[in-house]
Amino acid sequence: MSGDEIVVVPFPHPGHLFPAIELCLRLAERNCRITLIQPASSASSPSSLHPLINTVHLPIPDSIRIDPSFVDTTFPKFLTDLLDDRRRSSSLPICAIIDEMAGSLITPFVDFGVPAVSFFTSSAISSALEHALSQIEPPDLTGVGPTAVFDVPGLPKQVALSAFDFAHLHNGGPPSFGPRQSRDGRPRRRRDVASTDGAVGLIMNTCVDLESPFLKYVARVAAKPVWAVGPLLPDLFWSALSGPVRDAAGARRGGEYGVSEAAVLDWLDSKPQGSVIYVSFGSLVGPNDAEMEELAAGLEESGRSFIWAIKPGARQHEPDGRPIVTNGSGYSPDGLEKRVQGRGMVIRGWAPQLAILSHSSIGGYVCHCGWNSTLEALGCGVPVLAWPIRGDQTYNAKLLVSQLRVGVSVRSMPGKAVSKDEVVQGIEKLMTDEEMRKRATSMRSVFAQELPLSSSAALNDFLEFLSLDREKQ
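Taking my numbering, I'd label the letters of the sequence shown as residues 8 to 480.
Below, the structure is given as structure tokens:
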């Protein structure tokens, strides 16, 4: 298919760009000519990794927070002008792959007769439950506690929706990205199959081995082909599965924050196998200072060795998922390392996450359950103490804790602040439940062949679908 072009349009946000770039590389490896549309200042350059990938730059900075008006007005016009130029030169693409967070961008391609496919960068369970929340009539929650659950027809009982889920949908707050308005009055962006109107199919960053029932549900409610082609993670991840890896670029970044990758790995080498807890909430979100204090106290009281990576720029959130306006300086557990006397390492800033997770001394992972972090934990066979903050993280936690049973929820009550005792109890459960730890270890087999065989087959099926679709035109 090297003579035909596929245009890939990610949502202009780092968390969406990275899996889109990996998808581009997977397609280019199958002899597809790719055009990736990304912010001009993005550091990622897949064209340098494969000659069949071309990059078209958006006239915006590579920002963490995108003005919604850009996606709704400026971006469609940019694509319309691009397609108009292509039509005049008789070089329209054969397909467009559009991030589902920017589903309105399907329209320009359809207007030019180019078939579009929706691209879901997160889990199938989040898409399934978001759809269910938007379609099911909310139950009467009068006198019902937040832990009460309600089964979803067509989905496993283990991931039933809670009263907390419904209450947040009704109030327009997290974890839902449903059809109601957000707190600032803007319509929420849908993260379910409702965003795929006009698309001929769905590509999902997951695999059948992990999410079969949710993929089947999405395919049924969408009434369209679904290709599960993930996990779309970088080569460094697959290398890490065979043992700790050293990332030269990462080591340089670590030095800027006063810690080197070598120092981290040397510290881990000194600890017994499976004895260390890794704590990280990613670079974008985190708990508030009060909960971070409880976490610090819990780590201290647990008696377990730990590595805690704290990102100063992460946006803090209340226990119910509401964002907090802060000065951006971030939390610092002053004196913690000194008090625990060598059994704890605190990294302020960047941390070599894959090198840490793949190290044999790591026995558990306290995380926010972002999808990339979830996939990395599963691939490395590490059980998770689930501390979701917002959005799809809540559903990814359900997958880990209730469906795959390779994790423990830190909160005893949804929406309530996490306490020191819950941290201690969660860590102890994580480190001593041998059956759960065996299940987590067994997850590694899903990733043993690098990209799962089912995902490689799905990519081939997608390309076959495009060929057949062209023959019908």
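The beta-carbon is built from N, C-alpha and C at its ideal position, and this holds for glycine as well.
Range of the contiguous alpha helix (DSSP H) that encloses residue i
i	result
F127	That residue, F127, is in no alpha helix (DSSP H); its beta strand (DSSP E) goes A123 to F127.
W274	E268 to D276
I28	P21 to E36
M443	E441 to S449
G386	W378 to C387
I113	I113 to D118
D88	F82 to R95
E344	L343 to V347
Terminal residues of the beta strand (DSSP E) in which residue i lies
i	result
G370	I369 to C374
E12	E12 to V16
H64	I60 to L65
F313	S312 to I317
P46	R40 to P46
W234	V233 to A235
Nearest-angstrom beta carbon gap, residue j and residue i [assumed within contact, 8 angstroms]
i	j	result
I101	D11	4 angstroms
A103	V14	5 angstroms
V389	L302	With a Cβ gap of about 18 angstroms, V389 and L302 do not count as contacting.
N212	L168	N212 to L168, Cβ: 23 angstroms. No contact.
A384	P395	13 angstroms between Cβ atoms; not a contact.
R350	S312	4 angstroms
A226	V233	4 angstroms
Distance CB(residue i)-CB(residue j) smaller than 9 angstroms
i	j	result
P115	L86	yes
I67	T80	no
A123	G152	no
V117	G205	yes
V292	A321	yes
I60	L90	no
L306	L275	no
V453	G433	no
E308	T203	no
V413	R446	yes
R355	S339	yes
K318	S267	no
S133	A201	no
Reference residue i; option with closest CA among the options
i	options	result
P220	K164, L239 and L248	K164
I28	Q45, N38 and A321	Q45
R95	S111, E107, L112 and F119	F119
F244	L361, N212 and V453	L361
P83	D92, L248 and I113	I113
K439	R355, L140, V391 and E307	Here residue 439 turns out to be Thr, not Lys, going by the sequence shown. It is V391 whose Cα lies nearest to the Cα of T439.
L24	S97, F127 and R93	F127
I41	T62, P21, S55 and G22	T62
V271	P326, S282, M352 and Q280	M352
Per-residue DSSP class, three states only, for residue i
i	result
A167	coil
Y285	strand
C102	strand
M352	strand
D191	Unreliable positioning characterises D191 in this predicted model, as indicated by a pLDDT of 42, which lies under 50. A coordinate reading is not provided.
A255	At A255 the pLDDT is 49, less than 50, meaning the model places this residue with poor confidence; the figure from the coordinates comes in the next sentence. In this structure, A255 counts as helix in the three-state DSSP scheme.
S416	strand
V292	strand
R260	Annotation note: pLDDT 46 at R260 (below 50); position unreliable, coordinate value reported separately. Helix at R260.
S183	Bear in mind that the predicted position of S183 carries a pLDDT of just 35, short of 50, making it unreliable; the figure below should be weighed with that in mind. The answer is coil: DSSP assigns S183 none of H, G, I, E or B.
N467	helix
N178	Note that N178 has pLDDT 48, beneath the 50 cutoff, so the model's placement of it is unreliable and the number below is only indicative. N178 falls in the helix class under three-state DSSP.
A393	strand
Q323	strand
V225	helix
G243	Just to set this straight, residue 243 is Leu in the shown sequence, not Gly. L243: helix per DSSP, three-state reduction.
V207	coil
P459	coil
V2	Since the first residue shown for the chain is 8 and the last is 480, residue 2 is missing from the structure and cannot be characterised.
P160	coil
G265	In this prediction, G265 scores a pLDDT of 49, lower than 50, which makes its location untrustworthy; the coordinate-derived value is nonetheless stated afterwards. Residue state, collapsed to three classes: coil.
P359	coil
P330	strand
The ligand NAP heavy atom lying under 8 angstroms from the CB of residue i
i	result
P421	As presented, the structure is devoid of all ligands, the ligand NAP included, so that no description of it is given.
9 angstroms Cβ cutoff, residue i in contact with chain C
i	result
F454	As a matter of chain content, chain C is missing from the structure shown, which is built from one protein chain.
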